[in-house]
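Chemist: Numbering (the numbering used here), first residue to last: 104 to 235. The beta carbon of each residue, even a glycine, is placed where N, CA and C say it ideally should be. For reference, the structure I am asking about is given below.
Right under this line is the structure:
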């Protein structure tokens, strides 16, 4: 019985540490963030034809928001103005989106070459990289 209490106590102690570690699954440098985020993204499991195209030139991030049209062979540009700044924090990174009207901040919860999770306005949004 005492062993079971120890196992339970260990689980209660380690679970928050494990969950915290999952929150930190990202990159170690701004360049890694830049490399992983570059490309076309869509919201996971969404039927929307909206795509988010990130690219970087001379350290400046750009975001173009597009909608697929004509059987997914052409794009309609919805927004071509947002700039993206990668902000290194003590733990992880934020993305600062700047457009003509406002600045928005998103916390990078997870990022690799095919999956991205951003926390914006208190919600986690999962994205998947796509070819177009």
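1. Taking 7 Å as the cut-off, is the C-beta of residue 218 nearer than that to any heavy atom in the ligand COA?
2. The alpha helix (DSSP H) that contains residue 205, what's its start and end?
3. Put residue 153 into one of helix, strand or coil per three-state DSSP.
4. Residue 134 by DSSP, collapsed to three states: which one?
5. Confirm, please, whether the CB-CB distance from residue 229 to residue 222 is below 8 Å.
6. Please determine if the region 173–181 and the region 203–219 are in contact, where contact requires at least 3 C-beta pairs separated by less than 8 Å.
7. Kindly indicate which three-state DSSP category residue 165 falls into: helix, strand or coil?
8. Which class does residue 210 belong to by DSSP, given the choice of helix, strand or coil?
9. What are the boundary residues of the beta strand (DSSP E) that includes residue 230?
10. Which same chain residues end up closer than 6 Å to residue 165 when comparing Cβ atoms and leaving out the 5 residues on each side of it in sequence?
11. On the premise that residue 211 lies in contact with residue 129, defined as a C-beta separation below 8 Å, what is that separation, rounded to the nearest angstrom?
12. When the Cα of residue 234 is compared with those of 216, 193, 184 and 209, which residue comes out closest?
13. Measuring alpha carbon to alpha carbon, tell me which of 156, 184 and 163 ends up nearest residue 169.
Modeler: Checking against the coordinates, here is how it stands:
1. Although the ligand COA was asked about, the structure shown includes no ligands whatsoever.
2. That residue, residue 205, is in no alpha helix (DSSP H); it is neither H nor E in DSSP.
3. Collapsing the DSSP output to three states places residue 153 in a strand.
4. In the structure shown, residue 134 adopts helical secondary structure according to DSSP, grouped into three states.
5. The Cβ atoms of residue 222 and residue 229 do not sit closer than 8 Å to each other.
6. Look at the beta carbons and you see the region 173–181 not touching the region 203–219: under three pairs across the two are nearer than 8 Å.
7. Judged by DSSP in its simplified three-state form, residue 165 adopts strand.
8. The answer is strand: DSSP assigns residue 210 an E or B state.
9. For residue 230, the enclosing beta strand (DSSP E) stretches over residues 226–233.
10. In the same chain as residue 165, and ignoring 5 residues on each side of it, the C-beta atoms closer than 6 Å to its own belong to 158, in chain order.
11. Approximately 5 Å separates the beta-carbon atoms of residue 129 and residue 211; this is inside 8 Å, confirming the contact.
12. Comparing Cα positions, the closest option is 216.
13. That would be 156, whose Cα lies nearest to the Cα of residue 169.
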